[in-house]
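Asks: Structure provided below as structure tokens; questions to follow.
2 protein chains.
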Amino acid sequence: MAAQVDHEDRRRQIAEALLRIADTQGLQSASMRAVAAEAGVSLRLVQYYFTTKEGLLLDALARLGAQLQARMEQWIGAAGSPGSPSTPRGIVTAVLSCILPTDPESRRITRTYAAYYTLVLSDPEVLAKHGTAQPDLLEGFLAKQIRAAQQSGAIDPRKDPEMTAAGLLAMVNGLGSSVLGGQRTGEAALVILAHHLDELFGAR
Amino acid sequence: MAAQVDHEDRRRQIAEALLRIADTQGLQSASMRAVAAEAGVSLRLVQYYFTTKEGLLLDALARLGAQLQARMEQWIGAAGSPGSPSTPRGIVTAVLSCILPTDPESRRITRTYAAYYTLVLSDPEVLAKHGTAQPDLLEGFLAKQIRAAQQSGAIDPRKDPEMTAAGLLAMVNGLGSSVLGGQRTGEAALVILAHHLDELFGAR
DNA sequence: CATGCCGTGATACACATGTATCATGCGAAT
DNA sequence: ATTCGCATGATACATGTGTATCACGGCATG
Chain A
635 MAAQVDHEDR RRQIAEALLR IADTQGLQSA SMRAVAAEAG VSLRLVQYYF TTKEGLLLDA
695 LARLGAQLQA RMEQWIGAAG SPGSPSTPRG IVTAVLSCIL PTDPESRRIT RTYAAYYTLV
755 LSDPEVLAKH GTAQPDLLEG FLAKQIRAAQ QSGAIDPRKD PEMTAAGLLA MVNGLGSSVL
815 GGQRTGEAAL VILAHHLDEL FGAR
Chain B
635 MAAQVDHEDR RRQIAEALLR IADTQGLQSA SMRAVAAEAG VSLRLVQYYF TTKEGLLLDA
695 LARLGAQLQA RMEQWIGAAG SPGSPSTPRG IVTAVLSCIL PTDPESRRIT RTYAAYYTLV
755 LSDPEVLAKH GTAQPDLLEG FLAKQIRAAQ QSGAIDPRKD PEMTAAGLLA MVNGLGSSVL
815 GGQRTGEAAL VILAHHLDEL FGAR
């Protein structure tokens, strides 16, 4: 039987309020009361749907992960739409540059992830499955694309795919951090990434 | 006249207690009382030497920066001691690999910096001068070393020094984050870095 | 109609936190 | 020797926090 109100909708509404606060003011400002106010509901409601704060944090993090994944799939799809059908280079470029905080959406996602980062460091065991699974998968995916590019002759076959993928991903992460820290603009980071991708693939 | 007690000593003692807590439990656990307890002094003393908490945080951050810089200079010096006198490649390798969280000391520094990172994101203006100056200087320094290596023929002269330096630094940052997040061991990160440095300089 | 349960509001509670205040001791300068 | 100022201790205060409790309304089912 359908409940009187849509629970999932409520949960989403509250969790996204949490993410909004984490983005704009950091996670330490995301108190239960602040989340309730941001979501336009009472404190009791937040308690009702997510019994504890940890539950709320975890649920919101899961949603954030889903958002990032959706965004990546969208960018990968868009990479092969107008021209050639999804060359490895296009896919790698899409994945990496969609992580970089250039547009408002990616800025939001990156900032919010950064807000969670500190939390993970002080509470390593709680978020074990969420934190490590995603990056490793991404790294493997990139390595596969690189290997494909090597077989089609686009990349020097002497390069190690795993190491190259890991290096690229780490670089994008670091570039993202520098953008968030205000040291560099998002466009500048994108230029640096493009430069290195140009160097990796034989284009000149 | 010399004060009854050495103020600088006390300040250092308290600030390092703050850094110790930030390293092990994160900055959000570094309350004034916790810092006082860790330093073995009364809460009043912490208030006395650093009137406000913000003052304490800033002072501790400055000390952390000094520690990192000292460590880097030491590693740069050690890079040219046994063999050749400080080749650019040695310097670049030393600088980058000394940032990576491999030994306990660098783990401590990196973790503590990470703890401050979130703070900078939510309070961008307070730490404006401290946050942006250091990385930019480092990047320029690395670019200079790369340019020198190009002139001595060790690096492909067609590479852009600034972009290469920025990319390397970002990569090391990202690698450090992955190590702290438990995704990778410090040695693994070092291997990846070495691999990319081998690729940059012509060695094979 | 009665009953019981789900959704929701108001409020309480215990605690931690940053900061301020009051007080005291102790060395030094007049 | 007295007085003044620095260093330090004990404690108070206002506020924000996560969580728990009590109470009430409405809808479905008997």
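Just so you know, the protein sequences line up as chains A and B, in that order. Using the numbering used here, the letters of the first sequence map in sequence onto residues 635 to 838. Using the numbering used here, the letters of the second sequence map in sequence onto residues 635 to 838. Cβ atoms here follow ideal geometry from the backbone N, Cα and C, with glycine treated the same way. None of the values given here were measured: they were computed from a predicted structure.
Express the C-alpha separation of A:Gly815 and B:Pro769 in angstroms, rounding to a whole number.
Replies: Those two C-alpha atoms are separated by around 11 angstroms.
Asks: Residue range of the alpha helix (DSSP H) that A:Leu652 falls in?
Replies: Taken as a continuous stretch (DSSP letters only), the alpha helix (DSSP H) holding A:Leu652 covers His641 to Gln659.
Asks: Quick check on DSSP: helix, strand or coil for A:Phe575?
Replies: Since the displayed chain A opens at 635 and closes at 838, residue 575 of chain A lies outside it and no answer follows.
Asks: For A:Ala636 and A:Glu642, what's the separation of their Cα atoms in angstroms?
Replies: Any answer about A:Ala636 is weak, because its pLDDT of 42 lies below 50 and its placement is not dependable; what the coordinates show is given next. Taking the straight line from one Cα to the other gives about 11 angstroms.
Asks: Can you find a CB in chain B that lies within less than 8 angstroms of the CB of A:Ala748?
Replies: Cβ-Cβ to chain B under 8 angstroms: yes for A:Ala748.
Asks: Using 8 angstroms as the cut-off, can you tell me whether the stretch 798 to 805 of chain B makes contact with the stretch 776 to 785 of chain A, which would need three or more C-beta pairs spanning the two stretches below that distance?
Replies: The answer is no - the stretch 776 to 785 of chain A does not touch the stretch 798 to 805 of chain B, with fewer than three Cβ pairs under 8 angstroms.
Asks: Here's the rule I'm using: 16 or more other beta-carbon atoms within 10 Å means buried, otherwise exposed. How should B:Gln703 be labelled?
Replies: It is exposed - the Cβ of B:Gln703 has fewer than 16 other Cβ atoms within 10 Å.
Asks: Report the CB separation of B:Ala670 from B:Leu677 in whole angstroms; it is logged as a contact under 8 angstroms.
Replies: About 5 angstroms; that satisfies the 8 angstroms criterion.
Asks: Buried or exposed: B:Ser740, going by 16 or more other Cβ atoms within 10 Å of its Cβ?
Replies: So B:Ser740 ends up on the buried side.
Asks: Closer than 9 angstroms by beta-carbon distance: list the chain A residues that pair up with B:Ile789, in chain order.
Replies: Correct list: empty, because the minimum Cβ distance to chain A is about 12 angstroms.
Asks: Beta-carbon of A:Arg745 versus every beta-carbon of chain B: anything under 8 angstroms?
Replies: Yes, because at least one Cβ of chain B sits closer than 8 angstroms to the Cβ of A:Arg745.
Asks: Go through the stretch 702 to 790 of chain A residue by residue and report every complete run of the alpha helix (DSSP H) that reaches 4 residues or more, in order.
Replies: Listed in chain order, the complete alpha helix (DSSP H) runs (minimum 4 residues) inside the stretch 702 to 790 of chain A are 722 to 733, 738 to 756 and 762 to 785.
Asks: Can you give the Cα-Cα distance for A:Arg838 and A:Leu771, rounded to whole angstroms?
Replies: Only weak support is given to the placement of A:Arg838: the predicted model assigns it a pLDDT of 46, under 50, and the value that follows is read from those uncertain coordinates. If I take the Cα positions, the gap works out to 30 angstroms.
Asks: Please confirm if the stretch 710 to 717 of chain A is in contact with the stretch 687 to 701 of chain A, defined as three or more CB-CB distances below 8 angstroms between the two stretches.
Replies: At 8 angstroms Cβ cutoff, the stretches do not touch.
Asks: When you compare only the Cα positions, how much space is there between B:Ala823 and B:Arg646?
Replies: The alpha-carbon atoms of B:Ala823 and B:Arg646 are separated by roughly 32 angstroms.
Asks: Taking C-beta to C-beta, are A:Leu734 and A:Gly820 nearer than 8 angstroms?
Replies: Against a cut-off of 8 angstroms, the Cβ pair of A:Gly820 and A:Leu734 comes out as a contact.
Asks: How big is the Cα-Cα spacing for B:Glu631 and B:Thr744?
Replies: In the structure as shown, chain B starts at 635 and stops at 838, and residue 631 of chain B therefore has no counterpart that could be examined.
Asks: In whole angstroms, what is the alpha-carbon distance linking B:Val806 and A:His830?
Replies: Computed Cα separation, rounded: 15 angstroms.
Asks: Thinking C-beta only, is B:Arg723 closer than 8 angstroms to B:Ala828?
Replies: For B:Ala828 and B:Arg723, no; Cβs fall outside 8 angstroms.
Asks: Quick check on B:Gly808 - is its C-beta less than 8 angstroms from some C-beta in chain A?
Replies: It does: the Cβ of B:Gly808 has a partner Cβ on chain A nearer than 8 angstroms.
Asks: If you drop the 5 nearest sequence neighbours on each side, which residues of the same chain put their C-beta closer than 7 angstroms to that of A:Ile826?
Replies: Excluding positions up to five away in sequence, the list reads Leu809.
Asks: Could you check whether B:Ile648 and B:Ala668 sit closer than 8 angstroms to each other, using their CB atoms as the reference points?
Replies: No, these two residues do not count as a Cβ contact at 8 angstroms.
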